[in-house]
Every structure is written in C-alpha cells, then in structure tokens.
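Visitor: Numbering-wise, this note's numbering comes out as the position in the sequence shown, counting from 1, plus 1020.
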Amino acid sequence: MKGTADERPVIYVVSDSLGETAEFVGRAAASQFDSGQVEFRRVPYVSDKELLEEIVEEAKEFNAVIAYTIVIPELKEYLIELTEKHGVVAVDILGPMIEAIAKVSNSQPRLEPGLLRRLDEAYFRKVEAIEFAVKYDDGKDPRGLIYADVVLIGVSRTSKTPVCMYLAHKRIKAANVPLVPEVAPPEELFKLPPRKIIGLTISPQLLNEIRQERLKTLGLTSRADYANMERILQELEYAEKIMKRIGCPIIDVTNRAVEETASKVLEIYFKGERDGK
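#1: Could you tell me which of Val1183, Ile1217 and Ser1223 sits nearest to proline 1269, measuring between CA atoms?
#2: Considering just the uninterrupted stretch of the beta strand (DSSP E) at isoleucine 1217, what are its terminal residues?
#3: Considering only residues of the same chain and omitting the five flanking positions on each side of valine 1085, which have a CB-CB separation below 6 Å?
#4: Would the segment 1192 to 1206 count as touching the segment 1169 to 1176 if we require 3 or more Cβ pairs under 8 Å?
#5: For the alpha helix (DSSP H) that contains leucine 1199, what are its first and last residues?
#6: Taking buried to mean at least 16 other C-beta atoms within 10 Å of its own C-beta, is alanine 1282 buried or exposed?
#7: Taking the beta carbon of isoleucine 1166 as the centre, do at least 16 other beta carbons fall within 10 Å, making it buried, or is it exposed?
#8: With DSSP as the reference, label valine 1170 as helix, strand or coil.
#9: Considering Cα atoms alone, identify which of Ala1204, Val1154, Pro1029 and Lys1236 is closest to proline 1182.
#10: At what residue ranges does the segment 1124 to 1189 contain a whole run of the alpha helix (DSSP H), taking only runs of 4 or more?
#11: Which same chain residues, not among the five before or five after valine 1045, have their C-beta less than 8 Å away from its C-beta?
#12: With 16 other CB atoms within 10 Å as the buried threshold, where does glutamate 1119 fall?
#13: Can the beta-carbon of glutamate 1043 be found less than 7 Å from the beta-carbon of phenylalanine 1060?
#14: Please report the distance separating the alpha-carbon of serine 1127 from that of methionine 1117.
#15: In the DSSP assignment, the beta strand (DSSP E) including tyrosine 1088 goes from what residue to what residue?
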C-alpha cells in the first residue's frame, strides 16, 4: 500500500453482519509486519449497493485494502465488480472456506448474514441457563426465583433437578423448590405469576419404589421414614395443597422420561409466554 512514513495502511472491513471475523483476520495479518500499525475502518451491516459504491470510492482514494465477509450473493458480486473496476485490492475472508466446505460436504450454504453470532449467543445463553439451574437447585436461594423463566415444585424424587438441567440445555432458566410439610415454601414462590410455576406429582407406589432404591444406594434401611408409604401420602397431599393454592399447572411424571416431562414443561411455558397469563 502506498503512503508516506507518517501514514498508516488502511483496511476497510466490510460485512453484511458485524464484521468481527474480517477485522480479526486483518489484525492477525497486520501483526506479521514490523510496525503492525494498520488503521481499521469497519463498515458493518451493509445491505445496499449505494453504500458499497461509497466504500470502494473511499478505499481507492486511500489506496486501501477491503477485507470483506459478505455472504449475500448479489452484494458480494457487486462488490467484486466494483473493486475490479476501480483497481481496489479486496480480500474475501469467508468465500474460499465456504466454497471448500460446500465441495467436501456436497451441500449448499445457507448464505445468511450473522449466523455465527447467533450461534455464539445461543451457546452463551445455554451456559448461563445451566449455571442458573445449578445455583438455584433444590431451593438453595429463593431470591433467585424472580429471575427464573420457570420454577418447578414438588416432593423429593419427582425429577425436578434433571428436568431443570434438561431445560437449561434448551436455554431456559429453571429453578426448583422442594415441597416438604415441615418447611414452609419461600414467600417468593407466591409472588410469581402462576404461569411461571409448574408442579410435578407422581403416583405414591412409584415414588415409594424410587425412594427405596435411593435408600439402598445410600446404604440405608428401606424402613426409613423417607420411603414410608404413610409419609409419602402425607407429602403428596401437602404438595397438592400448595400447588392448588398457587394455581399452577401440574404434570404427573409417573412413568414419564425426563425428556417427556421437560417437553411438557416447555409446551406449558411457551403457551404461557404467548398468552401472557
């Protein structure tokens, strides 16, 4: 690139999305030169030909390089036409890689701007939801309930925790609160809209079997109060009263896989979001 010792080379970063990828590559390339001093001018979200014309004319004036990540075919072809016409050096950052993947995979690219950023955002939302589920598992901190997308309530061993983790992988912030007759539910629970709370219940017989197995894995006697049928009926009755008081939907998880229960929770959640109830 031309220019005096006092002038820094200029790279126009042009994209139909944010342009982060092209700038990152450009900076990596610039670091290979002694000074590494390059001026970057990012032009994101390009969506019309008129703007491309302005960019190319300006780039020609500064004898600059255009590094671009444009996937919309019409815009990309027009930029190539303009740069060739005006003798401006242009580098297609994504094109060769997209073409190579298309060739080896024998499939066509979607050619939609911003897909990587959407993927990144989805990933970070998932991580955030997983951290949320761990932090507010088993009623650890009732203050966090107001930040939950959905709160699961029910007696012990009704799959509250695994369902919350499954929902977290769907980017839903889920908390859960155990219902125990001797412990009053947190007041925060009754301040939430009923549509955000979902009760999980189960048949007494199956719960008895699950709890007995749980006691065995812990090396405890199956005669413990935890697996006593009378105790189980008492807990389920108490939980039902709380759920009715709140007025929340109730899912019977008897013989349901975690995935099935989670799917039902999602169905209820999204319906509540649409209805705003």
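The C-beta atom is built at its ideal place from N, Cα and C for all residues, glycine as well.
Only a predicted model underlies this, so the values are computations on that prediction, with no experimental measurement involved.
Guide: Here's the rundown:
#1: Cα-wise, what sits closest to proline 1269 is Ile1217.
#2: 1217 to 1221
#3: Ile1031 and Val1109
#4: Taking 8 Å as the limit for Cβ pairs, the verdict is that the segment 1169 to 1176 does touch the segment 1192 to 1206.
#5: No alpha helix (DSSP H) contains leucine 1199, which DSSP labels as neither H nor E.
#6: buried
#7: exposed
#8: Correct three-state label for valine 1170: strand.
#9: Val1154
#10: 1135 to 1155 and 1180 to 1188
#11: Ala1087 and Ile1113
#12: Flag for glutamate 1119 reads exposed.
#13: Yes; because the gap between Cβ atoms is below 7 Å, this pair is in contact.
#14: 13 Å
#15: 1085 to 1089
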